Amino acid sequence: MSKSQLKLTAALAILIAGVVCVWGVAAERGLRRAELERIARSLEARAALAGELARGTPFVPSARGALDAIADRAGAAAGTRVTLIAPDGAVLGDSDVPLERLPDLDNHADRPEVRAALSGRVGRSTRRSETVGRALLYLATPLEGGGVVRLAVDLSDLEASVAQLRRELVAAGALALVVGLVLCFAFSWLALRPMREMRRVASAIAGGHLDDRLPFAVSHELSDVAQSIRRMAEQLRLRLEEATHEKEQLRAVLESMVEGVLAVDAKGVVLIANSRLRDFFATSGDPLGRPLLEAIRSAELDAILRRAADSDAIVSQEMKLERPSARTLRVHATRFASGARAHTGTVAVLHDVTELMHLEEVRRDFVANASHELQTPLAAIRGFAETLLSSGSLSEEDRRQYLEVIERNACRLSNIVRDLLELSTLESHKQRLDLVAVDVAKLAEDLVRDAGPRFAEHRLRVQVRAEGDVTAQADPRALEQVLTNLLDNAIKYTEPGGEIGVEITADARCVRVALRDSGIGIPQQDLGRVFERFYRVDKARSRALGGTGLGLSIVKHLVQGMGGEIRVESELGVGSSFVFSLPRAPR
Ligand code: ADP
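Here's what the structure looks like:
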């Protein structure tokens with residue numbers, strides 16, 4: 009039973025009980041009054057009869073015998089107790105008391121009904137009789153001779169009917185109460201059904217079940233409310249969908265960003281940490297909802313965010329990470345506010361500038377290296393030219409020697425400038441590579457044949473081996489330069505009597521060229537750097553052999569430009585192996 013139903017039923021119960029009580033008391037009083045009136049009137053008539061009987065007999069103690077006999081007769085005729093009382097209150101006759109006991113009776117002058125009759129009125133009194141021990145109605149009327157006749161009637165019949173009436177009233181009241189309560193309960197249950205249903209649906213909506221609907225048409229008075237609940241649920245569902253959609257969108261954007269994004273609230277608890285940021289710091293577990301230091305474990309980042317939280321400006325700072333991989337991050341952090349609050353949290357965007365820093369370093373090195381590389385031949389040319397100019401007495405042979413040095417260095421300068429120009433063209437993507445089907449084996453064989461005299465001069469044995477169809481999708485001029493540079497290096501860095509092998513193979517996707525030599529080899533620590541510009545293992549040797557240190561850089565650019573890859577394996581004193589791959593030509 010619901011609370012309101014309980015209240016309604018209790019109110020009705022009190023109402024029914026109240027009405028039954030008031031009505032019962034009124035009915036009992038009315039009945040009692042009417043009955044008493046009726047009995048009193050009949051007593052008055054019987055008193056008049058007794059008075060008639062006593063007429064002529066003086067009300068004096070000496071006439072006690074005659075008066076008692078009259079009282080007995082009148083009592084028998086009236087069917088009630090009849091008492092004859094002298095004007096002074098002495099009892100002179102009583103139908104219920106034997107004559108000889110009359111003198112023992114109390115004087116009756118103080119009885120209320122007798123007192124009224126003695127003063128000339130009809131007196132009436134209802135009280136318990138000490139003599140008979142029951143409720144009695146007394147009625148006394150004055151007599152002409154000066155005495156009083158009093159009649160008494162037992163009221164137990166009246167009390168019985170009143171008790172009967174009370175019992176019936178109680179029974180009727182109880183029945184009315186039960187029927188009333190049942191009806192009230194049934195009606196209220198029916199009346200409150202739509203309310204209950206609405207309450208159920210409202211709490212279902214509050215619990216997040218927005219699709220719950222009122223199952224039946226509710227009564228007219230409540231249809232507006234039901235309609236409002238439906239509209240509210242629909243609105244709520246739409247808002248929720250919108251919010252979810254927006255959240256999903258934001259999440260997708262954050263997750264697809266190359267920058268790391270981190271947001272913390274005013275207490276430093278992580279609100280947002282996208283996957284890029286989690287990768288940077290190799291966080292374990294979900295960082296959301298945890299304090300920054302515990303989730304990210306970077307005191308440096310924590311300090312940057314704290315500074316940003318205390319500042320109005322954007323805080324920018326670089327930080328280095330050692331683990332999980334060496335990285336340089338540039339952090340931009342600023343505090344943000346939402347609503348009326350001045351500081352809701354701090355947001356940081358972390359850019360990975362490792363590559364940028366590396367490129368910057370390479371650029372700096374390049375400028376230094378290029379200047380140095382150009383400086384050396386220029387210094388030689390200047391020095392020898394000055395000597396030639398200043399000393400007039402030079403032998404023809406010295407003069408010729410000096411001029412040769414100048415020519416050699418000028419050649420070097422021109423080679424360096426040529427290679428630099430080539431590299432810069434490649435890097436700026438100005439040179440377009442025309443990719444066509446090239447038979448790599450044929451190209452390699454032609455080149456080896458053309459360079460035959462050089463191999464012979466260095467006493468090197470060379471062999472080209474190709475397996476199956478080795479047609480690659482490549483730019484013939486670029487591929488020729490790649491092979492030429494690699495063969496050139498093999499010749500330069502292999503001692504006389506050594507061997508050079510070109511092995512060409514192909515699989516479904518690419519053509520692979522391996523150029524092996526039995527030369528001096530490259531130390532392990534230099535392997536990763538030989539493709540850098542100006543990087544040379546042995547500067548003096550390279551220079552003496554006319555190298556610029558740019559050959560492998562050009563090779564790498566060209567191979568990559570044609571969609572391939574190149575790597576080097578080498579063992580010091582045993583030989584080196586440069587292996588590159590190119591995409592196969594479509595059949
Ligand atoms: P360089 O003009 O000096 O040959 P490269 O860029 O072609 O410049 O090569 C860079 C360096 O790599 C060389 O100076 C040399 O130390 C090393 N190198 C290249 N090819 C070989 C090889 N086949 N054997 C040994 N060392 C090599």
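If you want my numbering, it's the 1-based position in the sequence shown plus 8.
All C-beta atoms in this analysis are idealised placements derived from N, C-alpha and C, irrespective of residue type, glycine included.
Just so you know, these numbers come straight off a predicted model, no measurement behind them.
Contact annotation: A184 and V33 have beta-carbon atoms that are not nearer than 9 angstroms. For L468, the closest alpha carbon among the candidates R541, R343, A459 is that of A459.
DSSP, reduced to helix, strand and coil, places A482 within a strand of the structure shown.
Per DSSP, the unbroken beta strand (DSSP E) holding T91 starts and ends at 89 to 93. In this structure, L431 is the residue among S526, L431, S211 with its C-alpha nearest to the C-alpha of L558.
In this structure, DSSP gives Y501 a state outside helix and strand, which the three-state scheme calls coil. Just so you know, the alpha carbons of I424 and L495 end up roughly 19 angstroms apart. Per DSSP, the continuous alpha helix (DSSP H) segment holding G460 begins and ends at 460 to 465. By the C-beta criterion, the stretch 520 to 534 is judged to be in contact with the stretch 582 to 590, since at least 3 inter-stretch pairs fall below 8 angstroms. Residues V28 of the same chain have their beta carbon placed closer than 6 angstroms to that of G181, with the five preceding and five following residues left out of the count. Bridge pairing for Q325: V339 [DSSP].
A straight line joining the alpha-carbon of L57 with that of A160 spans about 14 angstroms.
T91 sits away from D80, with the two beta carbons spaced by 9 angstroms or more.
V156 is classed as buried because its beta carbon has at least 16 other beta carbons within 10 Å across all chains shown. Straight-line measurement puts the Cα of R315 at about 24 angstroms from the Cα of V266. Shown here for I512: same chain residues with a beta carbon closer than 6 angstroms to its own, the five before and five after excluded, namely V448, A449, A474, V478, V521 in chain order. In chain order, R142, A143 place their CB closer than 8 angstroms to the CB of S164, counting only its own chain and leaving out the 5 sequence neighbours on each side. Per DSSP, the beta bridge partners of I574 are F588. In the structure shown, the three-state DSSP call for Q471 is strand. Where Y146 is concerned, the enclosing beta strand (DSSP E) starts and stops at 143 to 150.
Closest option to S319, judged by alpha-carbon separation, among R343, V99, G215: R343. Nearest to E488 by alpha-carbon distance, out of L262, M570, L367, is M570.
Per the coordinates, the alpha-carbon of V30 lies some 39 angstroms from the alpha-carbon of L126. Rounded to the nearest whole angstrom, the C-alpha separation of T354 and D273 is 6 angstroms. A Cβ-Cβ separation of about 4 angstroms places V99 in contact with L113 under the 8 angstroms criterion. Taking a cut-off of 8 angstroms for Cβ pairs, the stretch 40 to 53 and the stretch 61 to 70 do not touch, as fewer than three such pairs fall below it. In this structure the stretch 566 to 585 touches the stretch 526 to 543; the number of beta carbon pairs closer than 8 angstroms is three or more.
With a threshold of 16 other beta carbon atoms within 10 Å, H565 meets it and is buried. In this structure, the C-beta of G527 approaches the ligand ADP to less than 8 angstroms from one of its heavy atoms. In this structure, L16 and L189 do not form a Cβ contact; the two beta carbons are roughly 10 angstroms apart against a cut-off of 8 angstroms. For V209, no beta strand (DSSP E) segment is defined; the enclosing uninterrupted segment is the alpha helix (DSSP H) at 164 to 214. Note that the C-beta distance between S12 and M206 is not below 9 angstroms. Rounded to whole angstroms, the gap between the alpha carbons of A593 and A514 is 11 angstroms. Bridge pairing for E507: R469 [DSSP].
The residue among E138, A486, N493 with its C-alpha nearest the C-alpha of V444 is A486.
Taking 8 angstroms as the cut-off, one finds no heavy atom of the ligand ADP near enough to the beta carbon of D373.
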